[in-house]
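Position 281, counted from 1, in the sequence shown is what the UniProt record's numbering calls 281; the numbers after and before it change by one each time, with no gaps. Ideal Cβ placement from N, Cα and C applies to all residues, glycine included. Right, one structure below, let's go through it.
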Amino acid sequence: TCEYNYVLSCISCEPRVLSLQNILSLILFLLPASALTTGIYMIFSTKPEMATQEVQPNETLTNLKAESDTLKTKLEDERAKLHDVELHQVAEKVDGLGQFIMKTRRTLKGHGNKVLCMDWCKDKRRIVSSSQDGKVIVWDAFTTNKEHAVTMPCTWVMACAYAPSGCAVACGGLDNKCSVYPLSLDKNENLAAKKKSVAMHTNYLSACSFTNSDMQILTSSGDGTCALWDVESGQLLQSFHGHAADVLCLDLAPSETGNTFVSGGCDKKANVWDMRSGQCIQSFETHESDINSVRYYPSGDAFASGSDDATCRLYDLRADREVAIYSKESIIFGASSVDFSLSGRLLFGGYNDYTINVWDVLKGTRVSILFGHENRVSTLRLSPDGTAFCSGSWDHTLRVRDRGYHLLILVDDKSSWLMPGQILLVDARTNPLG
């Protein structure tokens with residue numbers, strides 16, 4: 001037939017002339033029709049198997065998640081077995097605090113938009129604050145004067161921190177990086193010219209904190225990570241991966257070694273990290289919404305957290321569990337910031353309803369409500385000596401409060417806080433307060 005004549009003509013061709021089309025034609029003509037049909041069927045019948053293989057990785061993730069949930073449940077059960085008493089039950093015989101009053105002594109005005117973060121200097125006098133207006137301001141809390149002001153290249157400066165030496169400040173926000181500005185005695189000096197870009201994240205910078213020296217800084221970010229950086233070289237020293245969403249806050253342990261820190265975020269988790277290994281050593285997941293703030297207890301054995309679920313919670317690191325919840329039915333707004341008193345007996349919580357609630361840590365009761373701000377309280381910090389605390393708000397101001405202390409400024413610019421009714425004897429030559 002004509003088909004076989006075509007096949008013979010293809011075979012008789014020289015190999016170099018034989019094209020791919022001719023080879024395919026030979027295969028199609030030489031194969032029986034039944035074999036050709038079987039081959040086509042096998043090709044199409046393998047597609048469902050390939051699709052099944054593609055689903056396997058998703059099935060593996062599902063199995064791993066189920067196994068993780070099972071382990072979490074077992075862990076919570078083991079924690080519950082060791083939880084034999086509540087904190088407020090242990091503190092039943094402890095005397096209550098009674099009336100607690102704090103008054104606003106200074107109001108710092110100068111920001112043109114929401115105050116987002118603040119930090120105290122170790123000298124107990126100066127404060128650094130950052131705002132949505134893109135400005136970072138260094139204040140004298142005694143005189144309310146502005147000592148330095150820096151305009152950042154972006155708005156929403158969400159993080160700021162004072163260096164332990166008091167000679168530099170760090171800040172960052174929507175620019176995704178942490179910048180360090182050295183401070184000098186010359187208040188007219190252009191700080192922006194000496195700026196160092198230290199850290200670079202892939203999303204916004206949410207918090208920063210110097211370690212026990214000016215040479216290292218810890219940052220957290222909306223990219224779900226925390227990182228430790230060398231300030232001088234800008235080199236990444238350690239990264240911390242473990243949060244499943246934005247990391248919103250962090251706090252360094254108060255111990256001199258400073259080898260651990262705690263972080264909180266939008267995944268409702270509070271994680272404790274080892275800075276040397278980069279590993280998460282403890283994790284707590286009892287909040288029902290984003291964790292906005294974390295703060296270590298003065299001894300370093302516990303930490304508190306504030307959340308959008310309108311509660312503040314206390315976690316004991318030795319007991320490896322939550323030991324107290326600070327809440328009331330009348331409080332329906334989230335807690336944006338928390339901090340302890342110097343003794344650890346009081347917990348200050350700033351809330352989105354413009355108030356600051358003061359809690360008795362041992363008894364779990366509210367001992368005071370502080371008013372004054374005209375918008376949500378976004379940040380608060382106790383002074384290093386524990387005599388006062390400062391709060392920042394979306395009303396563009398910062399307020400410095402104390403319990404009725406009066407300020408005495410001495411001739412050498414040193415200062416002390418006195419309770420009403422106290423008499424202070426000062427030797428003008430030696431100044432014993434130094």
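Beta-carbon gap between residue i and residue j smaller than 8 Å
i      : j      : result
Ala149 : Cys178 : no
Ser289 : Gly350 : no
Met275 : Gln238 : yes
Ser293 : Ser337 : yes
Ser307 : Gly334 : yes
Ala170 : Ile217 : yes
Gln398 : Val115 : Just to set this straight, residue 398 is Leu in the shown sequence, not Gln. Their beta carbons are under 8 Å apart, which means Leu398 touches Val115 by this criterion.
Arg79  : Asp320 : yes
Thr225 : His241 : yes
Asp119 : Arg381 : yes
Residue i in three-state terms, based on DSSP
i      : result
Lys396 : Here residue 396 turns out to be His, not Lys, going by the sequence shown. Looking at His396 - three-state DSSP - the assignment turns out to be coil, as it is neither helix nor strand.
Lys363 : coil
Lys268 : coil
Lys146 : strand
Lys177 : strand
Lys124 : coil
Lys194 : helix
Cys171 : strand
Asp246 : coil
Leu342 : coil
Ser383 : coil
Val157 : coil
Ser255 : coil
Ala335 : strand
Selection from the options that minimises the alpha carbon distance to residue i
i      : options                        : result
Trp156 : Ser255, Asp175, Trp139         : Asp175
Leu370 : Val400, Trp394, Asn292, Trp139 : Val400
Met102 : Ala388, Trp394, Leu398         : Ala388
His287 : Thr311, Ser213, Val85          : Thr311
Ala159 : Leu183, Thr355, Cys249, Pro384 : Cys249
Leu346 : Asp246, Lys146, Gly364         : Gly364
Cys117 : Arg125, Ser130, Gly278, Ser263 : Ser130
Phe340 : Ile332, Asn352, Asn357         : Asn357
Ile331 : Ala324, Asp353, Leu342, Val323 : Asp353
Val247 : Glu285, Ile281, Ser206         : Ser206
Ser221 : Leu82, Gly112, His243, Ser233  : His243
Trp359 : Ile325, Val85, Asp301          : Ile325
Ser283 : Phe303, Ser343, Glu67          : Phe303
Thr202 : Asp309, Asn63, Leu64, Ala227   : Ala227
Euclidean distance between Cα positions of residue i and residue j
i      : j      : result
Thr60  : Ala270 : 27 Å
Ser197 : Met152 : 12 Å
Cys121 : Glu329 : 37 Å
Gln89  : Gly96  : 13 Å
Asp77  : Asp316 : 17 Å
Gln132 : Gly173 : 9 Å
Lys146 : Phe261 : 32 Å
Thr144 : Lys109 : 8 Å
Leu314 : Lys74  : 22 Å
Arg318 : Tyr296 : 13 Å
Asp223 : Glu374 : 32 Å
Arg126 : Val138 : 7 Å
Asp123 : Asp230 : 24 Å
Val323 : Ser263 : 18 Å
Ser255 : Asn58  : 44 Å
Val94  : Asp251 : 29 Å
Val426 : Thr107 : Per-residue confidence for Val426 stands at a pLDDT of 46, beneath the threshold of 50, marking its modelled position as unreliable; the derived number appears in the next sentence. Spanning the two alpha carbons is a distance of roughly 29 Å.
Ala168 : Gly372 : 31 Å
Gln279 : Trp273 : 6 Å
* Asked: Counting only runs that start and end within the stretch 48-122, where is the beta strand (DSSP E) found for 3 or more residues in a row?
  -> 103-109, 115-120
* Residue ranges of each beta strand (DSSP E) run of no fewer than 3 residues wholly in the UniProt repeat "WD" (198-239), ordered along the chain? -> 205-210, 216-221, 225-230
* To do: Taking only runs that begin and end inside the stretch 284-331, name each unbroken beta strand (DSSP E) of 3 or more residues, in chain order.
  => 291-296, 302-307, 312-316, 321-326
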